[in-house]
Every structure is written in structure tokens, then in C-alpha cells.
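Asker:
There are 4 protein chains.
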Amino acid sequence: MIKAKVVGAGGYGGVGITELLLKHPDAEIGCLVSLSDTGRKMSDVFPHLRGFCDDVIVSPEDPRTQEQYDVVFFSTPDGVGMQAAAAELERGAKVIDYSGDFRFGTAERYAEYANFIGLDPAHKSPDLLEGTEYGLAELHDINESNNLVGNPGCFAVSCILGLAPAVAAGIIDPKSIIADCKTGVSGAGKKPNAAFHYPNRYDNMNAYKLAGHQHTVEVEQELSLLSSDTVQMTFTSQVVPVCRGIMSCLYATLDGQKADEVLEIYREYNKNNQFVRIQGASTPASIADIRGTNYCSLTVDVDERNNRLRVISHIDNLMKGQAGNAMQNMNLMFGLDSGIALASPGQYP
Amino acid sequence: MIKAKVVGAGGYGGVGITELLLKHPDAEIGCLVSLSDTGRKMSDVFPHLRGFCDDVIVSPEDPRTQEQYDVVFFSTPDGVGMQAAAAELERGAKVIDYSGDFRFGTAERYAEYANFIGLDPAHKSPDLLEGTEYGLAELHDINESNNLVGNPGCFAVSCILGLAPAVAAGIIDPKSIIADCKTGVSGAGKKPNAAFHYPNRYDNMNAYKLAGHQHTVEVEQELSLLSSDTVQMTFTSQVVPVCRGIMSCLYATLDGQKADEVLEIYREYNKNNQFVRIQGASTPASIADIRGTNYCSLTVDVDERNNRLRVISHIDNLMKGQAGNAMQNMNLMFGLDSGIALASPGQYP
Amino acid sequence: MIKAKVVGAGGYGGVGITELLLKHPDAEIGCLVSLSDTGRKMSDVFPHLRGFCDDVIVSPEDPRTQEQYDVVFFSTPDGVGMQAAAAELERGAKVIDYSGDFRFGTAERYAEYANFIGLDPAHKSPDLLEGTEYGLAELHDINESNNLVGNPGCFAVSCILGLAPAVAAGIIDPKSIIADCKTGVSGAGKKPNAAFHYPNRYDNMNAYKLAGHQHTVEVEQELSLLSSDTVQMTFTSQVVPVCRGIMSCLYATLDGQKADEVLEIYREYNKNNQFVRIQGASTPASIADIRGTNYCSLTVDVDERNNRLRVISHIDNLMKGQAGNAMQNMNLMFGLDSGIALASPGQYP
Amino acid sequence: MIKAKVVGAGGYGGVGITELLLKHPDAEIGCLVSLSDTGRKMSDVFPHLRGFCDDVIVSPEDPRTQEQYDVVFFSTPDGVGMQAAAAELERGAKVIDYSGDFRFGTAERYAEYANFIGLDPAHKSPDLLEGTEYGLAELHDINESNNLVGNPGCFAVSCILGLAPAVAAGIIDPKSIIADCKTGVSGAGKKPNAAFHYPNRYDNMNAYKLAGHQHTVEVEQELSLLSSDTVQMTFTSQVVPVCRGIMSCLYATLDGQKADEVLEIYREYNKNNQFVRIQGASTPASIADIRGTNYCSLTVDVDERNNRLRVISHIDNLMKGQAGNAMQNMNLMFGLDSGIALASPGQYP
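Protein chains in written order, with my numbering: chain A, 23 to 371; chain B, 23 to 371; chain C, 23 to 371; chain D, 23 to 371.
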């Protein structure tokens, strides 16, 4: 059994990986850590887990956190994982971090990200960066050799999966990309605030962080790895009154390719990607198709009149955009089938 | 493998049992039948099932419907099951019907129900009624000897589970019961209508069928079986803007019992009921605790100032109120553990 | 022009009365006071008011708060109005307080309320209580002689209007009342908290304060004034995912009266009540009918089988349940027509 | 008094103009016409209007429809107004049509639109086209000389107001425009369908009509009138779970202009446009700011890194996108102040 520690268990990312660990035949929960809710049962914080996970949440100072676990999930903000990962790796654990701490393979690239969002540009564990991998298995070969992975940002997953085939095929102008992205409210986490207070959020929608969203950096860096040219995009983050789900509309200028041709490029690119579903513009698709699951649904379309690629990318921000993708990484890092605990269809309606 | 046929596969009750059959290690889908959507893949009607259930939905006239299956689910309106069940039973199938057709053990009791809701009071297969059972395992012993079960109504499940311990213990006045019940919109089914058109339903709530809801009859009949006196209640059905979930507030006059005593009666009554969770009034509970699951959550409270029992009963109307309970029945009718494909915690948020 | 000061302008109660003052031909906003948002324009806090109310919100220490106004609205929690009202009255203002401070005409009745909810039972301005009136014009004659009014609680309005005709007519057992009340989320105010964080509130519903809701006291006291016997009820507060609106289902045991008779009693009682709409059980009614307005909609029904009155009472908790009712009081306290700024139908959908 | 006839009174466009006519001091409702709901009171179809508009809805064959009215609103689908407008104009009425019938000034331009959406390209009243005006007062001088106006499409209003200043100033590449538009569900009208059935729409979002939305034509035509070059855009219509509101994100390539410069162009362009609010990217804006009102809110932003204009345009699709704009047209066509019955701030939350 893979014994797991979850740091940040009291948040959405923590409860998400807990739910998946409970479904996993080869993994078990060893330790739940959080700064908040310490001393409470997980099932008192999240009553739906009653009878399934009644473990007590411990503080980061608790001795149990120092035991050896096979895998540690850091469902924590920027800055936590980079300070704690080294000790976990030394104890022999594999580490999956949800923040920006390990998404960038060099101190320089990290500094660019940190500067973009106003963090200290100096990484606290720069020596670990060489050994990290951007944890998106559709672009990178995650396998048993990986001990440290930076789980990608939710918007980034939707944009990268939606654009990678076109960028890799060299069919779009890498400076022409526009990503118009709408997220559900759970993307902002569990902490209440005025913007997500129900009376202010029901029947409402708005754009935010127009000055620059942190996920822009990782999308541009990841896509640039696939391109002969540097990718640069306009990114608009918006929030709509749904709980789970991201719908990103991705636009870029084509070089005359038709819809069928582009659709074939996307299908070929993803032929081994279990969690990517491709369809053409005439097939209806919506967030409900993938809500609660690890799937990414891509509607691949060409506005031939304007010679423009248009991809609608749907993911569940808490699954393929967070805990589901983290579990996919865990499976691959332990040599398991990537779909364990994940390959299921969700519930409708 | 238990081979299942689902009649009414195109509705919420049909897709619900399909999802559960896909999760079941010992069952498989043999045939999907519907009047609508005939000839389409199940996964075209319900895109979340893509890759999981791509079977084509057939019409009731299709020869494949005449093959032998081990279990047949009739997720159909009143009147369908009673005409088709006999043939299924003859072919050796066990039958689970979602409608009122087999919820009543005698033609007289059925007639009372049918009259209440304006149907023809003459049952089409009265000879089958002796062999049917009201399919609520918390009250009736469902087991391998059962071949025909009437799956209860969703409101009825919430009310019966919420009141049975008190009625059985004889601690409430059986004429004093008030059931104030709120359902999510999915309880009305998949067919669009004006009342559930999004702009009319968001931010709205209302009572309906004040003249009498059909589930009243089965609640009163089931509870009367537990009582020395005839149970008779006031029932108010209401709809609120949630998708899944029923919250029933149940009131009745006590004979001086205190909260602790009543709580103990409820705990004792349900000690072997895997899917019933009991808590006192000081423990927070909400629909989110059981959304997407087969659990019933009962908050047991006594208004001692007014000598009145108050129980808040939460279920997911599509699970414990429909397909989940049907699956629980199937498990028991085949001698399996009742929790297979059901004992899981749902997803939050 | 009636010059108004609004204390608590930064909350829902404050913005509600501001919106109504802007519509009022004979009133104007003189001063907006709040502890939060001090120094900001009202229209920066509430952007929909841009161009309509760009006044700066001042702190309670600002000299402008000491000027004379014709009316002062205290949209503040319990305990604020009772300390500040005397000074306002001395300056010649009429005072309308939204809290429990002035809902009770004697120190004893106030103490009962305060004890119920755990406040200091000693009223800070007991000498003012004789001059206050419970601000529900459907029960009390509010007129120019009134200088101090306690605006009622939102649940209380829905329950009192729904039960007063029956209690006054002596047709129900005053100990048999059950009030099953569902509120929209705005009833909890503007301050974010975990229970009303969008991901926890969408698609959710629950009961709360089962141990006792503060509005119970005022309902019982007001109804007892109409009854020869003391009224005592079971009250269940619930919250559902709507923004505005209360739906209270009210039950009580009748003495054999039929639906028509009871309906006539309700019509007669309300014949001069502009903001109460009555209908029988066969007329559909929902929160959407009165959303955004000052109307109370009562569906009057009798469950003749069980000899039980059932009234469904709908109000907008922020209008008839708060600011709208406060404006109705202001109109009457200044000898104006009660419907000014209020007699309009809202918007649909 | 301006006496109005509303054709299509039973839909959202009809009830919207009815609500506004009720608020208008110089107008009154003369006749409500609909194919559905004939013979019912308006307030039975829309219960919020009880006591405000209890007029009976008549069929188009009713003699009362043939009387003379001062203004006729056709809140009807394509094809109705073009057959009926001539008779109304002859009777001396002014006509405001909500459909595409009179949005195009020539038979050729109409044919282009009709072909785009699969209608018969031959206009039924081509002789009327010369006398019609595109009813958007921010671009066209609507005044007493206008007797026939084509009220614009809801998406079109949001796009045209959001792009006109930039197009008119010649600062954007007219072939680079992308309009990513999200609408609330009321935009699809009152008729129930599967896509807008509550259980399928709550917590859901999707793009639709990817092959081409009818409003594209009018946006391109209107903007081309302002440009030296033909404007051509990529348009993506999406639906999100709100009732009222459109949020359009508009992108286009600039020629090096900075944010301040562009913001100034927008402010100058709209200096006399009462219903357009402009802000820069640092001012928060959301649909809630203008919900229920006739205002258009434009957030004007430049992604200077990518040399790209980004405008977020918010309107209420049923107000500035439909009935509100129609009322604005009526006011101007009768020489009244454009803000009558419209210049109010809405309600929050």
C-alpha cells in the first residue's frame, strides 16, 4: 500500500485528494495535516466523509507528520512546499506539490513567475529544481523515476491541453493566442470572501486580475517548450456562478488549415491520452460532461472565414485542474496505471 | 455477472441506475430501453458516459428487449411496469419497479393510491401484488426470495425513514404528523417544463400539489404498518433551486419524551441500517453531506417546550430516493452485500 | 423634503433603504454612516448606485452625523439603536430601528427576548420603550404620532402576517402552531462566512439554530396580543440557495373550519392592507411573484382531512422583511401614503 | 399619453416592456397581444403584475388589435414584424420591432443576414427598409422623425457598444476582432427546452452555435459603417447559469496605443451617452452592477505586452439588450428624455 500524507487537508485540494485516496485500491491515508481545523476529525470538517475518513487532522508540528510516508501531497500555497519538500524527499517520500513552487525547472524561470505575481524571486530550494517535473502527463513523461512533481495550475491545464497540439504542429502564430477563461467559484478555494459570498455571486459574473494572472507564466513557458518561437498570449480570467469547472475559449491565427485537418492533429496528439476527449464543433459539449471527473474535453473548431483556430477546453478545476491530476501523477510516479481511482464517468445531473 | 435491462434509460432514473451498474463489480448492462432517444448511443444522450456506456438505446419493440436478463429495472411512470412485469418474471428476471405499480401489496391498497392521484383504480396485474415487496430495506427484509419490488417514492423515503422509529416506538400521536418537504428540481424528471425553466427556477421557491401529493399514501400506509393506530399526516411538497436533494422537516406530538431518549430510539432502530446516519440537533447537517450518495441523514430533535418531535431528514432524491435505493434492492435480491457500488462518500464541494 | 440619515449604510439593510430613498419623491439622503467602508463613496461600495448615490460614507464620529435629520434608520445589530436613539429623538428626528432593541414595549418583554438569544437582559434605554411601536402596519396603527419604531424581524413578518388573521379570529389552537421557514441567503447579511461561501451554498440546504431562533419571541409576543391565550410555537429556520425571499409554511390545528371560510377571514382581515395578497390553494404562487417588492403573498389552505390550517407566506426578506417595511413605516410616520416608493411590481424573470 | 400595443406580450420581451410602460409617466398600455395565453390576464401569466396590469391578453385576430395606438412593440420572432408593420404605420403608429426584420437598411443587407441564419432572403416589406433605423441611440440619432426602428440583438448591443469607439477612432485592425460572449439564460426566451431545464443548466456552461450566431451579421455591419475597412470578427456565444446579463470580452489588435489613450477615446465617444459607463481595468465591475437596468458597463483595458485592446462589456440582456433599449427608442421617437422610466439603479443584492 502506498501510504500518503496530505498537507493542507482542510482545503478543497486536500479533501479532493482524500476522496481519491479513499477510492484507490493500492493507497491509503497515513496523515492529514493542516494549520486550520487541527484536532478535528476530517469527517467533522467534511461531513460527507463520515464513516469513510474519521482521522484526526494534525498540525505541522505533530510528531506523526515526521514519520515516513510513500507520497506527500502539498495542497498548500506558494512557498510552503519549497521549504518542506527536501525533508520529505530525504525520508524517501515522493512529493507532489500543488503550488507554483516546483512548476519551473530552473531558478530563472521560477524567478520570472515569482516576479510576475509579486513573490520573492529567490527560490528557497533551488537545488531541487533540476529534479522536478511539470506534472502534466499529457506533455511530460511522468514515471517511476520522478520523485518531485509540480502539479499545474487549473487554468494552465485547460489552456495547455487546448493549445499544445496546435503549437507543437506549428500551425498557429505563437503571438496571436488569446485565452478567454471562465472558472467556477471553487477555484478560489475554501476561504470565504466578499466576492464569493452567495448573494454577491449568484446571478453574477466578472473578469478579474486583468493586470495579469499567475497561470499565464506557466502556460507560456510550457507552450514555448513545444514551439520554435516564444509563445505569448492575452489571458482573461473570469468567474461565473458555477461551483466546479473551467471553460477556456482559446483563439489563435492559423495558416490556412481547415477544421478537419486541425481536428486530426488534435486526435493524433492525444491518441494515448486517456483523459483527453476530442470533438468537432458540431458535437455539443458542456461542463456537465466532465464535472466531477479527471477528463479534459476539447472542442476543436476553425473559423475558416477568419482563418482562426478556436478551441473550447472544459475541465473540472478541482479534478484535472487539481486533485485528479495529482492522483494521475501519483499513479504514474509509482508505476501504476494512470487511471486508477480516476477512470469513472461522474454523475448526472 | 448479473445482466441488467433498464427500461426508461433516457430519464434521470435510467441514467442513475446505469451509472451504478457501471460501478458494480458483479453486474453489467445488458439492454437499455427507452421510448425516446431510440437508436442513439447512451453516451450521446448523456455525454458524461462517453467511453463508459456507448450502448445503443433500443425501443421496447426491439427483439433484444425479449432476451433473458437477470434483473429488469422499470424506471417508468405508473402503469408501465404492471403491464410488463409478468413477462419478465416468467423469463426468470427479478424486477425492480420505480413507480407506484408495485408499492402496495393488495389491490385494495393500490386502488386507494390510484384514486388519490386520479388513475384507474384497477391494477392490471393484481395476481402479482401478493409477491411484491415495498422496496425499503430499512423496514422490510429484502432478500434472495424477492423477485418483485416496488421501489419507493423519493419523498416517501425521506418521510418514512424519518418517522419510522418514532412510530414503531409508539411515542408520537399518529394523527399529529406534519411533513414539510423540500425537493430539488431533478425530482420532477428530465422533461423540460415552464416551472423548471432556469429563469423561472433560479432564485425561486414554491409549494405545489397542495391538494394532495401521491407519496402521502405510501407514507401513511407504511407507517400504519408500524403503528397500532392509523397514521395520517399533512404533507407539503415544495421545490427549491437545488438539483439533487430532499430536506423533509417532520413534526409530531410526543408524549413527554426528551431529546436524548428519542435519539437513542432512533439509533437503536437503525443500528443495522448502513445507509442511515443519525445525529442530534447540535450537529450541523446539510444536503451537501449526502449529495450524490445513498445515505439518509436524520437530525433528531425534540422541541421540549412544545413537547414536539422534529426530525430533519436529508436524502439525495436520485440516490436513496431512486436509483441508489434500487441498487440496494438489487444487491439484496441477489444475496450480495447491500453496499456494493453504493458505499462511497460523494464529492465535495 | 424628509432628510434621512442611514446608520449601517454599508450592509444590505442600509443599501436597501438607500435604494428606496432614491426613489422617494419627498425624501432625500442626508447622511450615510457606517463603521466599515468609511471614507468610500457609497457607489464604490455598491457600484450599481454609481451616478445615483455618490455620497461618501462617514464614520459615527463624523460631525455630519450630529446634524439634524428628519428620520434616522438604524440598520444595525442589537444594542446599537438603544444607545443612540435618545439623542436622535432629542434632535427631533423620528427613529426606525431594524434590530430587536425597540420591538418590545416593556423592559420585561425585552428581557425575555434578550435572554432567549443570550444578550444582556437589561435594556439600555428602558424609558424609551413606552414610546416605541412594533413596526408592522398590518397589525399596529403607525402614524404621525409615532417617533420611534422597531422594525420587525424578517421571519417574524412572514409568520405574523401568515397567522394573525387566524389567531385574531380564534379559529386555531394557539399551542398547535408550527412554522417551517426557509430563507434566502441575504437574510444572513453581507459579511462573508463559511456557511454562505458560494461552493458550500449552491445546491445545498439545511436547518439551523434548532435550539431556538430569536424571531420566535417576537412572533409569539405579537400573536399573543391578538389571542385570548398565550401563543407558543415550534419554529424551524432553514436556508436555501436563493438570494432574496422567505417562504414560511405555517400549520395549526383548526376547529373544523373549511377552506372557504378561512380564506374569507384572511381576506377580511387584510382588506385595507395594501401589501398583503391573498389567494387560495389552487392559485400558484412563488417567491418570484414578490421578489424585489414589499408585498407579502399568503396562500391560505385547509387540510380538511386533518383539520389543519396551512398558510404559505412569501415575502422578500430585504423588502417587506426589512428595508421595504422600514420605508412603509417612514411613510406612515410622516403622514404620507404608505405605498410611496414601494407600490411597484418588481421585475421578472 | 402615449398609448402602446405590445405584440408578443407573453414572452420575456413583452413582459419587460410592460413593466417599463407601467413605470412611464407619459405612456400607458393599450393592448397586449399574444398567440399564447390568449384570454388570460397578464397578471395570471406574470403574477408579479397582479394589481398593476390585469389586462386580458388578446389574440392577433381580436378587433382591439386593429385600433389605433401611438406605438407598437413587436416582441416577436423574425418574420412577424415585416408582415404587420406597414398596417401599423398606416394607422399612424410608430413601430419598434425586436427582431432582425428592420435592423438592416437595404434588402441586400437583410438578405445577407437572412442567408446567414437560413431564412428566406426576400424581405416581405422591402419598401419599408429605407425608412427604418438601427435602434441603437449611441450610434444613430433616433428622434421624432423616426417611425420605424429595428431594436438590436442583445449580443450585438454588448459588442457594438464595446467596440464602436475603437473602430471609429481607427485604432484597431478591423479583421482582428474576437468577441467572446457569455449570456444568461433568459436570452433564450421563455419557452422551456432541454438545454435550459434547471438540472441541466445549474452548475453548467457551454458554447453554442459555433457555426455562426445571427448577431454576428449586425455587429459586423454596424461596425463597418464606422470603419474605412470592412469589419469581420470571430464570435463565440456561450451560456452560463445566470438569469439576466451578458458579459462580452472583446479583443482586437491595436497599433501601439496605451491604456490611458484608449480609455480617453472611449470616454470622449460616450460623453453624451447616458447609459454607457466607462471604467479602466483597475476598477472592479460585474454584471451585478447593471443587472435589471438599461446601463452598459465597459471596462476598457489594453494588454500592452501583446498590443491588444481588451474591453469587457456588461449589459442586462433583457434591458439594454432588449426592452430597456426599446423604451429608450420610444422615448426618443416621441421627443422625450431618453432616460424616462429607465434612469434608475436596480436592486442589490
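Backbone N, C-alpha and C fix where the C-beta goes; we use that ideal spot for every residue, glycine too. Bear in mind that the values here come from a model prediction, so they are computed numbers and not experimental data.
What residues match up with G172/D in a beta bridge as DSSP calls it?
Answerer: On the fourth sequence, residue 172/D is found 150 positions in, with the first residue counted as 1. Bridge partners of G172/D: D119/D and Y156/D.
Asker: Can you pull the DSSP bridge partners for A274/A?
Answerer: On the first sequence, residue 274/A is found 252 positions in, with the first residue counted as 1. A274/A has L331/A as its beta-bridge partners, per DSSP.
Asker: Classify V253/D as helix, strand or coil using the three-state DSSP reduction.
Answerer: Position 231 of the fourth sequence, counted from the start, is the residue given in the question as residue 253/D. Judged by DSSP in its simplified three-state form, V253/D adopts coil rather than helix or strand.
Asker: Please report the straight-line C-alpha distance between A233/B and S335/C, rounded to a whole angstrom.
Answerer: Counting from one through the second sequence, the residue named residue 233/B turns up at place 211. Counting from one through the third sequence, the residue named residue 335/C turns up at place 313. C-alpha separation (whole angstroms): 17 angstroms.
Asker: Exposed or buried, which one is P13/A when buried takes at least 16 other CB atoms within 10 Å?
Answerer: Because chain A spans 23 through 371 in this model, residue 13/A falls outside it and cannot be assessed.
Asker: So is M23/C buried or exposed if we call it buried at 16+ other beta carbons inside 10 Å?
Answerer: Within the third sequence, the letter at position 1 stands for residue 23/C. Exposed, since its Cβ has fewer than 16 Cβ neighbours within 10 Å.
Asker: Use the C-beta contact count for R327/C: other C-beta atoms within 10 angstroms, 16 or more gives buried, fewer gives exposed.
Answerer: Here the question's residue 327/C lines up with position 305 in the third sequence. Classification of R327/C: exposed, given that the 10 Å Cβ count is below 16.
Asker: Nearest to H235/D by CA position, among D325/A, N329/A and L44/A, is which residue?
Answerer: Reading the fourth sequence from its first residue, position 213 is the one you call residue 235/D. Comparing Cα positions, the closest option is D325/A.
Asker: So is K116/A buried or exposed if we call it buried at 16+ other beta carbons inside 10 Å?
Answerer: As a working mapping, residue 116/A is identified with position 94 in the first sequence. Classification for K116/A: buried.
Asker: Grab me the residues of D373/A's own chain with a C-beta within less than 6 angstroms of its C-beta, minus the 5 sequence neighbours each way, in chain order.
Answerer: Residue 373/A is absent from the model: chain A starts at 23 and stops at 371.
Asker: Is any beta-carbon of chain D found at less than 8 angstroms from that of S97/B?
Answerer: Within the second sequence, residue 97/B is the residue found at index 75, counting from 1. No, S97/B lies away from the interface with chain D (no Cβ there is under 8 angstroms from its Cβ).
Asker: Would you mind listing the beta strand (DSSP E) stretches within the stretch 24-83 of chain D that are 3+ residues and don't spill past its ends, in chain order?
Answerer: 24-29 and 49-55
Asker: Could you check if N215/C is buried or exposed, using at least 16 other CB atoms within 10 Å of its CB as the buried criterion?
Answerer: In the third sequence, counting from the first residue as 1, residue 215/C sits at position 193. Exposed, because fewer than 16 other Cβ atoms sit within 10 Å of the Cβ of N215/C.
Asker: For a cutoff of 8 angstroms on Cβ pairs, would you count N228/A as touching chain D?
Answerer: Numbered from 1 along the first sequence, position 206 holds the residue referred to as residue 228/A. It does: the Cβ of N228/A has a partner Cβ on chain D nearer than 8 angstroms.
Asker: Is I362/D helix, strand or coil when you go by DSSP?
Answerer: If you number the fourth sequence from 1, residue 362/D lands on position 340. Looking at I362/D - three-state DSSP - the assignment turns out to be coil, as it is neither helix nor strand.
Asker: So D10/B contacts chain C; which residues on that side make the cut at Cβ distance below 7 angstroms?
Answerer: With chain B covering 23 to 371 only, the question about residue 10/B has no answer from this structure.
Asker: What are the complete beta strand (DSSP E) segments, minimum 3 residues, inside the stretch 190-248 of chain A?
Answerer: 199-205 and 228-230
Asker: With DSSP as the reference, label Q105/B as helix, strand or coil.
Answerer: Reading the second sequence from its first residue, position 83 is the one you call residue 105/B. Q105/B falls in the helix class under three-state DSSP.
Asker: Measuring alpha carbon to alpha carbon, tell me which of M341/C, A144/C, A217/C and M269/C ends up nearest T205/C.
Answerer: By 1-based counting over the third sequence, the position of residue 205/C is 183. That would be M269/C, whose Cα lies nearest to the Cα of T205/C.
Asker: Just the C-alpha distance for I182/C and A108/D, rounded to the nearest angstrom, thanks.
Answerer: Counting from 1 along the third sequence, the entry for residue 182/C is found at position 160. Counting from 1 along the fourth sequence, the entry for residue 108/D is found at position 86. Taking the straight line joining both Cα atoms gives about 56 angstroms.
Asker: Can you name the residues that DSSP bridges to H336/B?
Answerer: Numbered from its first residue, the second sequence carries residue 336/B at position 314. Its beta-bridge partners are M269/B and S319/B.
Asker: Is there a Cβ of chain B sitting closer than 8 angstroms to that of D282/C, yes or no?
Answerer: In the third sequence, counting from the first residue as 1, residue 282/C sits at position 260. Not closer than 8 angstroms to any Cβ of chain B, the Cβ of D282/C fails to qualify, so no.
Asker: Leaving out five residues on either side along the sequence, give the residues of the same chain with a beta carbon under 6 angstroms from the beta carbon of S304/A.
Answerer: By 1-based counting over the first sequence, the position of residue 304/A is 282. So the list is empty, once near-sequence residues are dropped.
Asker: Which residues in chain D have a C-beta closer than 7 angstroms to the C-beta of R330/A? List them in chain order.
Answerer: In the first sequence, counting from the first residue as 1, residue 330/A sits at position 308. Near R330/A (Cβ distances below 7 angstroms), the residues of chain D are T256.
Asker: If you draw a straight line from the alpha carbon of A188/D to that of L44/D, how long is it in whole angstroms?
Answerer: Numbered from its first residue, the fourth sequence carries residue 188/D at position 166. Numbered from its first residue, the fourth sequence carries residue 44/D at position 22. If I take the Cα positions, the gap works out to 37 angstroms.
Asker: Sort out for me which residues DSSP pairs G302/B with in a bridge.
Answerer: Numbered from 1 along the second sequence, position 280 holds the residue referred to as residue 302/B. Its beta-bridge partners are V322/B.
Asker: Taking G30/A as the reference, give the member of E242/A, I79/A and Q88/A with the closest Cα.
Answerer: Taking the first sequence and counting its residues from 1, the one referred to as residue 30/A is at position 8. Comparing Cα-Cα distances from G30/A to each of E242/A, I79/A and Q88/A, the minimum goes to I79/A.
Asker: What's the gap between the Cα of E130/D and the Cα of L151/D?
Answerer: The residue labelled residue 130/D in the question sits at position 108 within the fourth sequence. The residue labelled residue 151/D in the question sits at position 129 within the fourth sequence. If you take the alpha carbons of E130/D and L151/D, they lie about 10 angstroms apart.
Asker: Can you tell me where the beta strand (DSSP E) with F96/C in it begins and where it stops?
Answerer: One-based indexing of the third sequence puts residue 96/C at position 74. Run containing F96/C: V93 to F96, per the beta strand (DSSP E) assignment.
Asker: By DSSP's criteria, Q260/C is part of a beta bridge. Which residues make up the other side?
Answerer: Along the third sequence, one-based indexing puts residue 260/C at 238. Beta-bridge pairing links Q260/C to K204/C and A229/C.
Asker: Measure how close the beta-carbons of N168/C and M355/C come, nearest whole angstrom, since I'm counting them as under 8 angstroms.
Answerer: Working through the third sequence from its first residue, we reach residue 168/C at position 146. Working through the third sequence from its first residue, we reach residue 355/C at position 333. With 8 angstroms as the limit, N168/C and M355/C qualify as a contact, their Cβ atoms being about 5 angstroms apart.
Asker: Here's the rule I'm using: 16 or more other beta-carbon atoms within 10 Å means buried, otherwise exposed. How should S250/D be labelled?
Answerer: Start at 1 with the first residue of the fourth sequence, and residue 250/D comes out as number 228. Exposed, by the Cβ-count rule.
Asker: With distances taken from CA atoms, which of Y291/D, N294/D and N339/D is nearest I312/D?
Answerer: Working through the fourth sequence from its first residue, we reach residue 312/D at position 290. The residue with the shortest Cα to Cα distance from I312/D is N339/D.
Asker: When the Cα of H237/B is compared with those of N228/B, N222/B, T256/B and D59/B, which residue comes out closest?
Answerer: Within the second sequence, the letter at position 215 stands for residue 237/B. Ranking the options by Cα distance to H237/B, first place goes to T256/B.
Asker: Under 7 angstroms Cβ to Cβ from E134/B, same chain only, skipping five residues before and after it: list those, please.
Answerer: Numbered from its first residue, the second sequence carries residue 134/B at position 112. So the list reads V239, once near-sequence residues are dropped.
Asker: Closer than 8 angstroms, CB to CB, is S396/C near chain B or not?
Answerer: There is simply no residue 396/C to check, as chain C begins at 23 and stops at 371 in what is shown.
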